[in-house]
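Worksheet for the structure shown next.
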Amino acid sequence: MKATSKANSNIALTKYWGKRDKKLMLPQNGSTSMTLSDLYTITTVEFDKKYDADSFVLDGETLEAGTKEYDKVKKHLDLIREKAGISENARVESKNNFPTAAGLASSASGFAALSVAAAKAAGLDLSPQELSILSRRGSGSATRSILGGFVEWTRGEKDDGSDSVAKQIALAKDWPEFRMITTIVSTAQKKVKSTAGMAKTIENCPYYKDWLATVNEDIENVKKGIKEKSFTLVGETAQYNCLKMHATMITTRPPMIYWMPATIAIMHAILAWKEEGLEAYFTMDAGPQVKVICLEKDVPELEKKLKEIEGVQKTVVCKPGDGAKIIEEHLF
Ligand code: PMV
């Protein structure tokens with residue numbers, strides 16, 4: 006009844022912003038992403054009668070019973086226990102190899118890893134599609150981390166969410182030259198988490214309807230670009246789509262400005278480098294970090310230039326990575 010999994014984080018190329026069903030975590034719009042090779046969560050889950058209560062340790066820190074984080078993990082385990090027809094309490098230990106909740110999609114890798122390990126530990130044999138639906142219940146972006154390479158999370162039409170799942174656009178090996186350089190400009194926890202931010206945007210952003218009206222075209226362009234290996238089409242669309250999402254965040258009341266001075270400095274630099282013939286694009290989520298979309302051949306020059314920008318603390322180069330999987334080495 007013990008299992009361990011490793012799930013990579015993913016970064017959206019076209020973003021998910023807004024829920025149409027909070028309980029089932031159904032999105033207002035579809036999204037696309039790349040699964041990252043080097044930012045991951047490892048999680049061990051054990052269900053056993055010997056445990057008096059569920060316990061969760063994240064990056065060496067125990068989550069106290071009754072906190073929001075604890076309840077979120079417990080609710081997710083309850084779903085799995087119900088599916089498997091078991092009632093044992095669980096011990097869960099989880100480790101990220103990057104800072105939690107700083108806009109590096111820790112909830113994506115976190116809930117994908119938890120779902121894969123807990124389902125296996127509970128004796129369930131689920132398909133990748135079923136695992137993506139299960140992961141979605143914990144965090145929307147986790148839906149996409151179940152698969153590797155380039156992934157679409159379909160909006161779906163059904164009320165039960167059975168068609169809101171991860172679909173493969175291309176495998177990691179189909180475009181091995183594609184890169185994302187993740188820059189860390191701040192490791193502070195973000196002020197407004199995505200769930201609260203999305204709800205506010207839907208509530209009062211006057212441009213949210215325009216976001217919804219134009220997002221499908223971006224998804225189609227990114228999918229076309231990936232299939233044809235057109236780097237320019239993927240990069241330009243991803244950058245444009247990110248700016249449209251941030252436009253809705255900024256024009257929500259109260260405003261959500263996730264960018265820090267270094268975020269803006271990187272954006273300016275990337276636009277200037279492009280003019281000079283160095284082709285790269287930026288994308289940011291609900292946080293200050295910039296993910297630089299580029300090709301392998303330009304990584305050395307881009308990394309060198311990025312590190313010279315004031316405020317850039319660290320860069321991590323990610324390739325298209327694998328989907329979530331079971332591993333043999335347990336954390337306890
Ligand atoms: O599912 P969450 O809470 O990780 O929300 C993700 C929201 C964005 O990162 C801003 C966009 C996305 O599609 O990943």
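Taking the working numbering, I'd label the letters of the sequence shown as residues 6 to 337.
Positions of the beta carbon are idealized from the N, C-alpha and C atoms, including for glycine.
Only a predicted model underlies this, so the values are computations on that prediction, with no experimental measurement involved.
Sequence-distant residues of its chain with Cβ nearer than 7 Å to G230 (five each side left out): Setting aside the 5 residues that flank it on each side, G230 is surrounded in the same chain by L238, V239 and T242, each with a C-beta closer than 7 Å to its C-beta; the list follows chain order.
Endpoints, alpha helix (DSSP H) assigned at T206: Unbroken alpha helix (DSSP H) run through T206: S199 to N209.
Beta strand (DSSP E) segments (min. 3 residues) lying fully within the region 240 to 327: Every beta strand (DSSP E) stretch that sits fully inside the region 240 to 327 and reaches 3 residues is listed by chain position as 286 to 288, 295 to 300 and 319 to 323.
Distance, L336 Cα to V297 Cα: Each residue's CA atom was taken as its position, placing V297 and L336 some 32 Å apart.
Buried or exposed (CB count within 10 angstroms, at least 16 for buried), Q318: Burial call: exposed.
DSSP bridge partner residues for V97 (one or two, in chain order): DSSP, once it has assigned bridges, lists V50 and F61 as partnering V97.
Residues surrounding the ligand PMV [beta-carbon distance to nearest heavy atom under 5 Å]: Answer in sequence order: A17, K20, Y21, S36, S112, S144, G145, S146, S199, D290 and A291.
Limits of the unbroken beta strand (DSSP E) element including S10: That run of the beta strand (DSSP E) goes K7 to T19.
Assigned secondary structure, I151 (DSSP; H/G/I helix, E/B strand, else coil): Reduced to three states, the DSSP call for I151 is coil.
Candidates D64, W158 and F103, of which the one nearest A17 by Cα: Considering only alpha carbons, the answer is W158.
Through-space distance from N102 to K79, alpha-carbon basis: Going by the C-alpha atoms only, they are around 23 Å apart.
Range covered by the alpha helix (DSSP H) that runs through K80: Looking at the DSSP string, the run of the alpha helix (DSSP H) that includes K80 is K73 to A89.
Nonlocal neighbours in the same chain, by C-beta distance under 6 Å from S42, ignoring five residues either side: For S42, same chain residues with a beta-carbon under 6 Å away, outside a window of 5 residues either side, are C323, K324 and G326 in chain order.
Whole alpha helix (DSSP H) elements within the region 121 to 194, 4-residue minimum: Those alpha helix (DSSP H) runs which fall completely within the region 121 to 194 and span 4+ residues are 133 to 143 and 147 to 150.
CB of A12 within 7 Å of CB of A124, strictly: Taking 7 Å as the Cβ cut-off, A12 and A124 do not qualify as a contacting pair.
Burial state of N15 (16 or more Cβ within 10 Å): Label assigned to N15: buried.
Same chain, Cβ closer than 8 Å to L84, five either side skipped, listed in chain order: Excluding residues up to 5 positions away in sequence, L139 and R142 lie with their Cβ nearer than 8 Å to the Cβ of L84 in the same chain.
C-beta contact flag for T320 and I186 at 7 Å: The beta carbons of T320 and I186 sit closer together than 7 Å.
Segment limits, beta strand (DSSP E) that includes K24: Where K24 is concerned, the enclosing beta strand (DSSP E) stretches over K24 to D26.
Rounded separation between E308 and G316 - CA only: Spanning the alpha carbons of E308 and G316 requires a straight line of approximately 14 Å.
Rounded straight-line distance, which links the Cα of V170 to that of G154: Separation of G154 and V170 (C-alpha to C-alpha, rounded to the nearest whole angstrom) is 15 Å.
Whole-angstrom distance between G282 and T2, CA atom to CA atom: For the chain, the structure presents residues 6 to 337; residue 2 sits outside this window and is missing.
Where E66 falls: helix, strand or coil (DSSP): Secondary structure of E66 (DSSP, three-state): strand.
Local conformation of S112 per DSSP, three classes: DSSP places S112 within a helical segment (H, G or I) once states are collapsed to three.
Buried/exposed call for A113, threshold 16 Cβ in 10 Å: Buried, because 16 or more other Cβ atoms sit within 10 Å of the Cβ of A113.
Contact the region 125 to 132 vs the region 50 to 58: 3+ CB pairs below 8 Å: Here the region 125 to 132 makes contact with the region 50 to 58; the two share three or more CB pairs at distances below 8 Å.
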